[in-house]
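Reading through the structure tokens given below for one structure.
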Amino acid sequence: MIFRYDTGAHANLTTTLLAKTPCTATVVGTKGTIFIDGDFYTPTSMRLKKVDGSVVEFPKQYEGHGLREQAIEFASLLQAGKNESYLMSLDDTQSIMETMDEIRTQIELYYPFE
584 MIFRYDTGAH ANLTTTLLAK TPCTATVVGT KGTIFIDGDF YTPTSMRLKK VDGSVVEFPK
644 QYEGHGLREQ AIEFASLLQA GKNESYLMSL DDTQSIMETM DEIRTQIELY YPFE
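Residue numbers (my numbering): 584 to 697.
Following this line, the structure appears as structure tokens:
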């Protein structure tokens, strides 16, 4: 997937269910590059390499299989009687789901119930 934004930024994402890929992420900016270790969707180690060549390490050992933080946030919201998190709005969630649906349409991925 290639995403182009009005700011001129681009994002390039790949995915597969056919192989175990590294699940790493790289974020490149004008002042440096962030390398996020696998699995990037869990709070994990990362490195910031600045344009001057210096590197800042952010070590983190993650225990679990992901989605733990989402479950904790959901439980907290439920207990507080809230229906939306300040961490991710309902509008953000809707936008992500619409993007995923558009990707499915473009690659002609349909589920049996559709």
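Quick reminder that beta carbons are idealized off the backbone N, C-alpha and C, glycines included.
Computed from a prediction, not measured in an experiment: that's the story for all the values here.
In the structure shown, the three-state DSSP call for Thr609 is strand. Per DSSP, the beta bridge partners of Thr616 are Val611, Lys632. Under the Cβ criterion (8 Å, minimum of three pairs), the segment 623-633 counts as touching the segment 642-653. Cβ-Cβ distances below 8 Å link Thr609 to Thr616, Ile617, Phe618, Ile619 in the same chain, with the five nearest sequence neighbours on each side left out; the list follows chain order.
As computed with DSSP, Asn666 is found in no beta bridge at all. Burial is judged here by how many other beta carbons sit within 10 angstroms of a residue's own beta carbon; Met683 has fewer than 16 and is exposed.
Distance from Met584 to Ile679 at the Cβ level is roughly 13 Å; contact not present, criterion being Cβ atoms closer than 8 Å.
In the DSSP annotation of this structure, Ile690 is not part of any beta strand (DSSP E), being labelled neither H nor E.
Annotation for Ala594: the continuous beta strand (DSSP E) segment containing it runs 593-595.
Residue environment: Met671 is assigned as exposed (fewer than 16 neighbouring CB atoms within 10 Å of its CB, all protein chains considered). DSSP lists His593 as the beta-bridge partner residues of Arg587.
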